[in-house]
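See structure below.
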Amino acid sequence: MSPLAMPRLGRHVVADVDSCTHELLDDAAGLELLLREAARVAGATLLSAHHHRFEPFGASAMCVLSESHISIHTWPELGAATLDAYTCGDHADPRRAIDHVLRVLEPGGVRLVELARGGDSLESRPIPWLSSARA
Numbered sequence: 001m002s003p004l005a006m007p008r009l010g011r012h013v014v015a016d017v018d019s020c021t022h023e024l025l026d027d028a029a030g031l032e033l034l035l036r037e038a039a040r041v042a043g044a045t046l047l048s049a050h051h052h053r054f055e056p057f058g059a060s061a062m063c064v065l066s067e068s069h070i071s072i073h074t075w076p077e078l079g080a081a082t083l084d085a086y087t088c089g090d091h092a093d094p095r096r097a098i099d100h101v102l103r104v105l106e107p108g109g110v111r112l113v114e115l116a117r118g119g120d121s122l123e124s125r126p127i128p129w130l131s132s133a134r135a
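One point on numbering: in full-length UniProt numbering, the residue at position 51 of the sequence shown is 51, and numbering is uninterrupted.
Have a look at this one:
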C-alpha cells in the first residue's frame, strides 16, 4: 500500500505540563490509577498497566489499550510532566483521557498538540486547554 493510499489510523494527543505541584507527580502507583481512570473516561479498553518510580524522584506510568496507549512521565523537581494518549479508530477519545489527567493534576501551564495518524500526511495542530476544561 503506498503512503498516499494509507487510511486515517487514529488520533494522538500529546501534552507538556509545567508549574504542577500535585503530589501525584512522584507517586508512580497513583499515576497508574489515574491513567486507568483516564482510559475509562476515554471509552478505551484497558489491556495492561505498569508504573515505575525513579530515584531520587520522578515516575512513569503506562496503560496499554486495545486501541493503543496512554502514558505519563514526570519530573516533580521541575513541576513538569509529559503525557500522551493514542487511540486507533473512532471508539475511544484520546483528548478525553488527557483532559481527565489535566483536571486532576491542575498544572499551571499546558501545551497540547493533536496528531492525525495515518492518512495522506502526518498532520498536527495545537489545541487549546481552556480553564473551563477544568470544571
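Even glycine gets a Cβ: it sits at the ideal position worked out from N, Cα and C.
Is the CB-CB distance between leucine 34 and valine 104 below 7 Å?
yes
Inspect the CB distances between the region 40-55 and the region 8-19 and report whether three or more fall short of 8 Å.
Contact between the region 40-55 and the region 8-19 is absent: fewer than 3 CB-CB pairs across the two stretches fall below 8 Å.
So for serine 131, helix, strand or coil by DSSP?
Here serine 131 scores only 42 on pLDDT, less than 50, and its place in the model should not be relied on; the value that follows carries that caveat. Helix, per DSSP.
Output needed for histidine 51: all residues of its chain with C-beta closer than 8 Å, excluding positions within five of it in sequence on either side, in chain order.
Ala28, Ala29, Leu31, Glu32, Ala59, Ser60, Ala61 and Met62
Give, in chain order, every unbroken run of the beta strand (DSSP E) that is at least 3 residues long and sits entirely within the region 50-91.
Segments of the beta strand (DSSP E) lying fully in the region 50-91: 59-65, 68-75 and 80-88.
Assign histidine 100 to one of three DSSP states: helix, strand, or coil.
helix
Give a yes or no on whether the C-beta atoms belonging to histidine 100 and valine 41 are separated by under 7 Å.
yes
Within its chain, find whatever has a CB closer than 8 Å to the CB of leucine 65; leave out the 5 residues flanking it on each side and keep chain order.
So the list reads Ala39, Ala44, Thr45, Leu46, Leu47, Thr87 and Ala92, once near-sequence residues are dropped.
Do the CB positions of alanine 80 and proline 94 come within less than 7 Å of each other?
no
Looking only at its own chain, which residues have a Cβ that is under 6 Å from the Cβ of tryptophan 75, when we skip the five neighbours before and after it?
Here tryptophan 75 has Gly58 as same chain residues with Cβ atoms under 6 Å from its own Cβ, once five neighbours each way along the sequence are excluded.
Could you spell out where the alpha helix (DSSP H) holding glutamate 114 opens and where it closes?
Unbroken run through glutamate 114 is the beta strand (DSSP E), 109-118; no alpha helix (DSSP H).
Using the Cα positions of alanine 97 and serine 71, report the straight-line distance between them to the nearest angstrom.
10 Å
Assigned exposure category for leucine 112 - 16 Cβ within 10 Å defines buried:
buried
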